[in-house]
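As structure tokens, the structure follows; a few thoughts come after it.
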Amino acid sequence: MTNRNAPPSPSRASSQSLVVLISGTGSIMEAIERASRDASYGARIVGVIADRASATGLEIARSAGIPTAVVSLKDFPDRATWDDAVARTIASFSPDLVVCAGFMKILGGASLAQFGGRIVNTHPALLPAYPGAHGVRDALEGGAKVTGCTVIVVDAGVDTGPIVAQAVLDVWDNDTEESLHARIKDIERDLVVTTVGRMAREGWTVQGRTVRVGHTEEGS
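Take 5 as the starting number for the sequence shown in our numbering and just add one per residue.
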């Protein structure tokens, strides 16, 4: 079991520290940063890490006064060495929780060894259905009538981690991959912001395939 206890009160002084991993625009990261301006949110971003220097979300983070780092796969001889560098970079910020927010790389053994049970990711489908890089397209092609997004605790698989939270929306008859994905992104930002805030304020436990937010080991 992995257990994370909530801070004693949702104040800025006791806020849980977040590291956010991004690859692109950083819209989810930006939404978390905005929410964290309210001390009652219970979390604050202490570092943003991107896998490419061109990620536009880096400038958003810097404008908000958040330290940033770039750990690009092309700068390392192999994926294991890259993952070790990612793990070291995450560790340099001493986070309570790591949030993959549009991060388009799979974290490996080094990151999971140090932060297992403390890394969350979001996926634009209702897992365990439609995992992988084309969840929106696969839901459309599969004839799904509803889809949505899922926040999971990251494990060694691809979108196989235990589910923390989900949000659902209808698939419209005239939806394209682009229109559906745009609508999913709208609810995805809200889901991630809400879920991360609850985890920070209330703590969480992971036991097997079950994640309980607001339940510590002693209180479950």
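All C-beta atoms in this analysis are idealised placements derived from N, C-alpha and C, irrespective of residue type, glycine included. Values in this document were obtained by computation on a predicted structure and should not be read as measured data.
Nearest neighbour of residue i, chosen from the options [CA to CA]
{"i": "V24", "options": "V75, G113, G207 and H185", "result": "V75"}
{"i": "A148", "options": "L173, R216, S40 and A95", "result": "L173"}
{"i": "V155", "options": "T214, Q118 and E182", "result": "T214"}
{"i": "V115", "options": "D42, T126, G165 and W86", "result": "The amino acid at residue 115 is misidentified as Val; the sequence shows Ser. Of D42, T126, G165 and W86, the residue nearest in Cα terms is W86."}
{"i": "V200", "options": "I188, V168 and D142", "result": "V168"}
{"i": "T198", "options": "I26, E37 and S27", "result": "E37"}
{"i": "D179", "options": "R193, A204 and A143", "result": "A143"}
{"i": "E145", "options": "V157, V158 and V175", "result": "V175"}
Sub-8 Å separation of residue i and residue j beta-carbons
{"i": "T93", "j": "T60", "result": "no"}
{"i": "I26", "j": "F107", "result": "yes"}
{"i": "A47", "j": "S67", "result": "no"}
Exposed unless 16 or more other CB atoms sit within 10 angstroms - verdict on residue i
{"i": "R41", "result": "exposed"}
{"i": "V150", "result": "exposed"}
{"i": "S15", "result": "Residue confidence is low: S15 scores 32 on pLDDT, short of 50, so the model does not pin down where it sits. Its coordinate-derived value is still stated next. With fewer than 16 other Cβ atoms within 10 Å, it is exposed."}
{"i": "M33", "result": "buried"}
{"i": "R202", "result": "buried"}
Host beta strand (DSSP E) of residue i (start-end)
{"i": "T216", "result": "Per the sequence shown, the amino acid found at residue 216 is Arg instead of Thr. Taken as a continuous stretch (DSSP letters only), the beta strand (DSSP E) holding R216 covers T214 to V217."}
{"i": "A54", "result": "A47 to A54"}
{"i": "L101", "result": "L101 to C104"}
{"i": "L22", "result": "Q20 to I26"}
Cβ separation of residue i and residue j, assumed to be a contact under 8 Å, to the nearest whole Å
{"i": "H127", "j": "D163", "result": "5 Å"}
{"i": "L140", "j": "E181", "result": "For the sequence presented, residue 140 should be read as Val rather than Leu. The Cβ separation is near 5 Å, so the contact holds."}
{"i": "E206", "j": "C153", "result": "Contact flag wrong, Cβ pair sits at about 21 Å."}
Range of the contiguous alpha helix (DSSP H) that encloses residue i
{"i": "L184", "result": "E181 to E206"}
8 Å Cβ cutoff, residue i in contact with chain D
{"i": "A143", "result": "Of the protein chains in this structure there is only one, and it is not chain D."}
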